[in-house]
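Undergrad:
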Amino acid sequence: MVQKRRFFRVEPIVAPQLKELENDIPTLPKSDSKDASSDVRESDQLFVIDDDSDDQNYEDEGVVQEISPAPQPNRQNSRVPGTNGVNMAASNGSSESQAEASQNIPAELPNEPEASLSQIGQDLFHSQITTIIGDVPDLVVKYLHTKYFNQPNYLQLASNEYFNGIDVAKLERESKSGEEQTEEEREEARRSAEFDLIMNRMRKQSQIEVAEKQSRFWKRYIGTLDVVAWATRPFMGKLQYKEELEVKRLIPNKIKKLSFVASKFGDSSIIRLYTKAQNREIGRIPEDITRILAPLIDLDLAIFEATVVMETTKRLSTGDTFYIQIRCYLNNNTFADPTQLTESSSQDENSLKKRKLAKSGLSSFSTETEGETALRLKQKSILRLFEKLHLVPGNKPVEPSLNVLDDDTPPTTPAPEQQSATDELDLEQIKDFYTTNQLSDIYENLPDTTSPPASNFTMQLRQYQKQGLSWMLSREKESDLLEELSTPADEICPTQKRAAIRRLDDDVMNPLWSIFCWPTDPNNEPSANTADYFYANLYNGEFSTEKPLVKNFLKGGILADEMGLGKTILTLALIHSVPYELGSLTEGYRRFADKSTLIVVPMSLLSQWKNEFNRSNNNSNHSCYVYYGDLVQADLVSLLCNRKNNIPIVVLTTYGTVQNEWARINKLRDENGRLPLIGLFSVEFFRVVLDEGHTIRNRTTKTAKAIHELELRRRWVLSGTPVINRLDDIFSLVKFLRLEPWSNFSYWKTFVTLPFEQKKFNQTLDVVKSILQPIFLRRTKSMKQADGTPLVSLPEKEVVIEDVELSKRERFLYELYKSRAYNSFKEGLNSGELLRNYTQILTHILRLRQICCHSELVSTSSEMEETWGEELTEFNKTFEKEKFLLETYMKQVMFGLYNKVDIPGSECSICTQAPIAIGDLTITECGHQYCYHCLMEHIQFQTNTNNTDPLCPDCRHPISQYRLFKVRGVATSKKEVRFHTKEDIDDPQNLYPFQIYHHNPDESSAKIQALLRHLRELKENNPGQQAVVFSQFSTYLDIIENELRLCGLDDFIVYKFDGRLNLVEREKVLKLFTTGEKVGNKLVILLLSLKAGGVGLNLTCANRAFMMDPWWSPSVEDQAIDRVHRIGQNLNVKVVRFIVANSIENKMLRIQERKRMMGEAVEVEEEERRKQRIEEIKLLFDE
Amino acid sequence: MAALPKRIIKETQRLVSDPVPGITATPSEENLRYFQVTIDGPSSSPYAKGRFDLELFLPDDYPMCAPKVRFLTKIYHPNIDKLGRICLDVLKDNWSPALQIRTILLSIQALLGAPNPDDPLANDVAVDWKSDEAKAIATAKEWTEKYAVPSTDSS
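Chains as they are written, first to last, in full-length UniProt numbering: chain A, 1 to 1183; chain B, 1 to 155.
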């Protein structure tokens, strides 16, 4: 552990004093307690020296360093440990010892220390940086160190740069060439500059120290401890009730000697009690209390006063117990350095490092500076003290509880457990602290009457949307405007509402901190501090008398309303409410497009946004510019800036456009690393909105990087599903929003990623929630409004899973592929290289899934013929006798049927459907007509269940699925029929109004047939309804389209929307489908690719959805279903999911179920994900 | 249970609106796949004047497989056993989905008119029938009167 490598030394001059104190009868003059205690403090100075400073001589040279109670010097300390103290002494020079020290230093400084200074600094830096970012090459460390050495938040900058990527090879080259050059000179110059800097900083530091010391001393009561002390030597006199005792903190000589191996700062020491009258030691405080109090005394943070509460009647022998009460005070040192409180970065940095330490027992000791050690000690001790005093955070005074005598309380838990307990607590704390800062009540109080000015905006918002707009306006700090817009002209804004609006302007308390109420002092002792509250960061031990505020400059947030609640409209309402920047128009490097909001959307939503804008816009001077495709032009400046007429307040573009543009100009950066002023990167936008913002969830993708380089003043992310796979998905959004400090990856990593890896799932989730809380708004459809009605009442949604039975041939193929997949899986499992073969196995799985859809999907991969040519031929033979061997014979039979077909008079004797729809009509060899699926069911039932050859239900003639005919509405000349049948036909010039064709079941698939059946049923029972068919395979959509066209010519109108369509085509298809042009009573069907059409589209004109194939993640399917089931849908929605029974598909359903259950967020860690994947694959191959 | 197929609804409607003479079939209120059936004995048969109660159940696979039919009234018939089970080809292997409840019940009625002791279900009855047909017919009549004729006082 850290402590092992730490040791405490006592400055030699002080040692004799100590000895004196130790050797009984104190020689200290009788004085008031305060003086005495301060004497003790002085003589008890503890010294911490890095033993990395390798020079053993230091030890005896009286380098004195008082542990600074203030954490401020950490940074300096961390860079140049040891020297800080040296310098302090030099400039301070007040005490004898320090003066002595200062004499020693000048002699040492000139040469060697210089080098060692920077070396020490670098070593330290090295260990710090490695705890944050893991192992890095020395070269990189050196580079970072020299680069950021002078910056105040050097660690943060360095780790940032590291995470942004450093070209190691380049560094190597540079360092080599550098060495060859005038290395010495440069080094010399650098060193002296460095040294000057250090000296300056230390000088400043010492000034601060002095000022601090001079600052007013105060103490304030925080509680009373009842303690059973025990006598250390016989005491003849009586201890009187209320007699005051001296509390003295001593480090016994023995321990001092042993301090090289002392395990804990102050823990092995003793607190003694002296009588005031004789100044004579009588006893000591029990160890557990000592452990708490000692560090606080050592660090001069608290003052303890002991009084006897029960008078002793007889003399005390050694070991006897007596009862005392310890009044505890915090003094001003605890609250020292308020300047730090506003600077959230440094405190977080501390805690960050500390967490690292706590986490990895291996971390090198130099990571922790003296100040940090002190701070940590302070945090731990104060926490324990507070615990003992029952002091808990809260803004109400704690009821003075009756403290039980100490021997009644259960023994304190052993130290290691306590350590972990504090760890736990930390997370809990953040969570609690955050939730106290919830904005939910603020949201509740926001007016739900806000509407954009009618001169700009034509549409009417729903109530919750108005409230949402209030929230968005408040997030943009537009409280004046909000007040104005939320109050109808003839009303006066009620004060309560006004207050709610204004409250948002208030800064929020730093969530890492908590508020404490000063306990009331039963003795009513006056204190210099009269505030009601104090504030503590129990996380790192910092205290403040002032409220630590987080300045929240971020304008924007995440609107995560559930799909279908109208995020688009709400965003447009916001834009129409605040179309221009009303504040500062100062420009930076890029021109400021103060009247333009850039909206980045997925390509498929571009036209929808454009339409919505045009629909909502009421200001003829406002327009929307689509920056896409041919309309991409480099000169956005003249287009957007300083426009007076026809102002493009909205610029619409796609993620692809942003990324392309960025990739194109990324290489053209100038010497400052700035992008050239081209296109979207030539202006600073007033506002940027990311629709479906989870698109940038992976911050390493080009798209995300490109988005992060846009310049803008207000930022919004819209997403119904902000977390798709992992909690870290949110980080990229947070980074885009520049939500400090979380947008710094090292913070995020420390507070979210790492705890999550430690499996503290719930806490971490809560932390994330809390981080997001102020900037995050999510409403769900089921949420209730104030009056108890749901936000949106959507018609019911019914999702049915339909089991599909594969045909014999499909099943045969499936089994072939399955056997191969299983072999590959078992091989992988046995060799333990399952994941190495991951892609291969995924391919196998893909094939299986494709067969479930349609065998055509795999036959094109040509591996079928190659691998299983023989088996297939063998398999096909089994059906040979059923098939028509000769085409001519088939035709003879087929044309013979023309006279038997009677479409209007047809009745399916199986389901009694009459007449049978022409596309469904199926004719047996013997001329009987059935619905296709009725007959197929009959055939399958006969062969599979009854194991008999199928017979025609009507005439018991043998039938086969290979000998069936279907009909379509194409005219056939009777001549042709006569040619084949050689029969006399009365009127050869005439036409049959239909065409019979041979049906080959191998060309279709079980799923498509099932779909067809549903579509037919829908058309029959609910004429005029529209349906959407989803699949993830666009080739499958092609097959479905063909099939529907082929046999549904007379029943269906089919549109198809997938990723291959360009923007114009997409628009056209959607328009055709949504306007639902009815031809006769045909069923209008849209075939939609899950990926291209799963998000954003509004397809409420349909109320039926068919999911042809399952996707791994249920949320993707839910998204797709919500295209139909959303606001604007008036009918009940029915969704059918086709799943092949006994196949990979129903195993996928199980995985979906699992994901749903665990919540998809809970698979963050890479190792965990790997395991998960293996689990999933196993599940798939589970028999 | 799955929704009632359209075919069953249609059949039921037709059984009610256009009943077969001498046959009634009423669906149970709790289960629309369960029917209470009566068949009047054919006039030229020993079962004449008798009214036989049967139960009919349409399994889930109907119409892919035959309905299950059973006599509830005791009957003396070589193709119907003590438990009321019926030996009839269309109820077994010769079932075709083109057949319906109506046709099945007609087949059963026809079976009453034309017992087939060569393909018996109730062996003892079949033996009687073959050895002494007149006596068997008399027993059948007797049973019919005893069990199948609706008592006058109750009607």
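Glycine included, each C-beta is placed from N, C-alpha and C at the ideal position.
Contact between the segment 689-706 of chain A and the segment 650-660 of chain A: three or more CB pairs below 8 Å?
TA: The segment 689-706 of chain A is in contact with the segment 650-660 of chain A.
Undergrad: Assign residue 1051 (chain A) to one of two classes, buried (16 or more other C-beta atoms within 10 Å of its C-beta) or exposed (fewer than that).
TA: Residue 1051 (chain A) comes out buried.
Undergrad: Distance, Cα to Cα, residue 820 (chain A) vs residue 849 (chain A)?
TA: Straight-line Cα distance between these residues: approximately 14 Å.
Undergrad: Starting from residue 131 (chain B), trace the alpha helix (DSSP H) both ways and give me its first and last residue.
TA: Element bounds for residue 131 (chain B): 123-131.
Undergrad: Under three-state DSSP, which class holds residue 1185 (chain A)?
TA: Given that chain A is displayed from residue 1 to residue 1183, the structure contains no residue 1185 (chain A) and the question cannot be resolved.
Undergrad: For residue 59 (chain B), which of B:140, B:34, B:48 has the nearest alpha-carbon?
TA: The candidate whose alpha carbon is nearest that of residue 59 (chain B) is B:34.
Undergrad: Leaving aside the five residues before and after residue 576 (chain A) along the sequence, list all residues of the same chain whose C-beta is less than 6 Å from its C-beta, in chain order.
TA: If we look at residue 576 (chain A) and ignore the five residues flanking it on each side, its Cβ neighbours are 452, 456, 457.
Undergrad: Roughly how many angstroms lie between the CA atoms of residue 312 (chain A) and residue 304 (chain A), to the nearest whole one?
TA: Looking at the two C-alpha atoms, the distance is approximately 22 Å.
Undergrad: Does any residue of chain B bring its CB to less than 8 Å from the CB of residue 457 (chain A)?
TA: Not one chain B Cβ lies under 8 Å of residue 457 (chain A).
Undergrad: Could you list which residues in chain B have their beta carbon closer than 7 Å to that of residue 938 (chain A), in chain order?
TA: Those within 7 Å of residue 938 (chain A) in chain B are 64, 97.
Undergrad: Please name the residue or residues paired with residue 1104 (chain A) in a DSSP beta bridge.
TA: In the DSSP output, where bridge partners are listed per residue, residue 1104 (chain A) has A:1027, A:1134.
Undergrad: Mapping DSSP to helix, strand and coil, what is residue 578 (chain A)?
TA: It is coil, neither helix nor strand.
Undergrad: Does the beta carbon of residue 956 (chain A) sit closer than 8 Å to a beta carbon anywhere in chain B?
TA: It does; some Cβ of chain B falls within 8 Å.
Undergrad: I need the DSSP call for residue 17 (chain B), collapsed to helix, strand or coil.
TA: Looking at residue 17 (chain B) - three-state DSSP - the assignment turns out to be helix.
Undergrad: Tell me where the beta strand (DSSP E) around residue 228 (chain A) begins and ends.
TA: 219-231 is the extent of the beta strand (DSSP E) around residue 228 (chain A).
Undergrad: Please check if any C-beta of chain B sits within less than 8 Å of the C-beta of residue 912 (chain A).
TA: By this cut-off, residue 912 (chain A) is an interface position.
Undergrad: How long is the line joining the alpha carbons of residue 271 (chain A) and residue 532 (chain A), rounded to whole angstroms?
TA: Cα to Cα, residue 271 (chain A) sits roughly 31 Å from residue 532 (chain A).
Undergrad: Chain A partners of residue 92 (chain B), CB-CB under 9 Å?
TA: Going along chain A, no residue has its Cβ under 9 Å from residue 92 (chain B), so there is no contact; the nearest lies around 10 Å.
Undergrad: Taking just the CA atoms, how far does residue 735 (chain A) sit from residue 542 (chain A)?
TA: If you take the alpha carbons of residue 542 (chain A) and residue 735 (chain A), they lie about 27 Å apart.
Undergrad: DSSP on residue 1126 (chain A), reduced to helix/strand/coil?
TA: Correct three-state label for residue 1126 (chain A): coil.
Undergrad: Starting from the Cα of residue 238 (chain A), find the closest Cα among A:315, A:229, A:879 and give me that residue.
TA: Checking every option, the nearest Cα to that of residue 238 (chain A) belongs to A:315.
Undergrad: Output needed for residue 23 (chain A): all residues of its chain with C-beta closer than 7 Å, excluding positions within five of it in sequence on either side, in chain order.
TA: Unreliable placement is indicated for residue 23 (chain A), whose pLDDT of 43 sits below 50; the coordinate value is still reported in the next sentence. Correct list: empty, nothing qualifies.
Undergrad: Going by DSSP in three states, residue 612 (chain A) sits in which element: helix, strand or coil?
TA: Note: residue 612 (chain A) maps to helix in three-state DSSP.
Undergrad: Are any of the Cβ atoms in chain A nearer than 8 Å to that of residue 169 (chain B)?
TA: Here chain B comprises residues numbered 1 to 155, so residue 169 (chain B) is not present and cannot be evaluated.
Undergrad: Between the Cα of residue 1123 (chain A) and those of A:608, A:777, A:878, spot the shortest distance and give me the residue it belongs to.
TA: It is A:608 whose Cα lies nearest to the Cα of residue 1123 (chain A).
Undergrad: Would you check if the segment 890-906 of chain A and the segment 917-929 of chain A touch, i.e. whether three or more CB-CB distances between them fall below 8 Å?
TA: Yes, they touch.
Undergrad: How would you list, in chain order, the residues of chain A whose beta-carbon sits under 9 Å from the beta-carbon of residue 67 (chain B)?
TA: Within 9 Å Cβ-Cβ: nothing; residue 67 (chain B) doesn't reach chain A, min ~14 Å.
Undergrad: When you compare each of A:1054, A:1153, A:306, A:1063 to residue 248 (chain A) by their alpha carbons, which one comes out closest?
TA: Measuring from the Cα of residue 248 (chain A), the nearest candidate turns out to be A:306.
Undergrad: Could you tell me whether any Cβ in chain B is nearer than 8 Å to the Cβ of residue 941 (chain A)?
TA: So yes, residue 941 (chain A) belongs to the interface.
Undergrad: Among residues of its own chain, excluding the 5 on either side of residue 1131 (chain A), which ones have a beta-carbon nearer than 8 Å to its beta-carbon?
TA: 795, 1025, 1103, listed in sequence order.
Undergrad: Counting only Cβ-Cβ distances shorter than 8 Å, please list the residues of the segment 5-23 of chain B near chain A, keeping chain order.
TA: Residues 5, 6, 7, 10, 11.
Undergrad: Alpha carbon to alpha carbon, how far is residue 126 (chain A) from residue 746 (chain A)?
TA: Going by the C-alpha atoms only, they are around 16 Å apart.
Undergrad: Within 10 angstroms of its Cβ, does residue 800 (chain A) collect 16 or more other Cβ (buried), or is it exposed?
TA: Classification of residue 800 (chain A): exposed, given that the 10 Å Cβ count is below 16.
Undergrad: Suppose contacts are defined by Cβ-Cβ distances below 8 Å. Is residue 943 (chain A) in contact with residue 953 (chain A) by that definition?
TA: Not a contact, by the Cβ cut-off of 8 Å.
Undergrad: Look up residue 50 (chain B) in the DSSP assignment and say whether it is helix, strand or coil.
TA: Of the three classes helix, strand and coil, the one that applies to residue 50 (chain B) here is coil, per DSSP.
Undergrad: Roughly how many whole angstroms lie between the Cα atoms of residue 1067 (chain A) and residue 1058 (chain A)?
TA: So the two alpha carbons sit approximately 12 Å from each other.
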